[in-house]
Amino acid sequence: MKKLLTMVAAGFVAMSLMATSASADAAKGQKIYSKKVKNLCGFNGAKFAAKHSQDEWEELYEEGKFAEEMGKLCPKGAKIFTSGKFKKYLKDLYDFAYEYANDSGNVPAC
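For any residue, its number in the numbering used here is found by taking its place in the sequence shown, counting from 1, and adding 774.
See below:
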């Protein structure tokens with residue numbers, strides 16, 4: 775019985791760790807914005823995220839137009855944002871923009 779409980783507990787821990795590492799994160803998106811996007815845009819993350827409401831950011835992301843919108847907001851980075859190499863950052867950047875949208879009441883530190 776003790777072995778069974780130990781195995782079940784280990785399974786729950788393993789599953790929770792996998793789910794955490796696979797999900798996107800607003801804090802990670804903020805870090806990516808500060809390091810890779812801020813200089814291309816010329817303004818901080820608060821101004822970037824406040825360009826749209828949460829519903830607008832969500833709609834852009836679901837329609838696959840998030841990278842295109844980033845390019846409109848930051849023309850210097852338009853080609854970079856739509857490139858395949860940058861695609862891995864989009865979910866985290868979306869979570870950042872959604873978390874700090876103009877109707878969220880949250881203000882990022884970058």
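Note that beta-carbon positions come from the ideal geometry of N, C-alpha and C, so glycine has one too.
Taking a contact as a CB-CB distance under 8 Å, the pair C815 and L847 counts as one, their CB atoms being some 7 Å apart. Comparing alpha carbon positions, the residue from S808, K777, M775 closest to P882 is S808. Rounded to whole angstroms, the gap between the alpha carbons of Y863 and G803 is 7 Å. Per DSSP, reduced to three states, the secondary structure at K859 is coil, with no helix or strand assignment. The straight-line gap separating the alpha-carbon atoms of I806 and E837 is approximately 22 Å.
For Y872, the enclosing alpha helix (DSSP H) has its first and last residue at 864-873.
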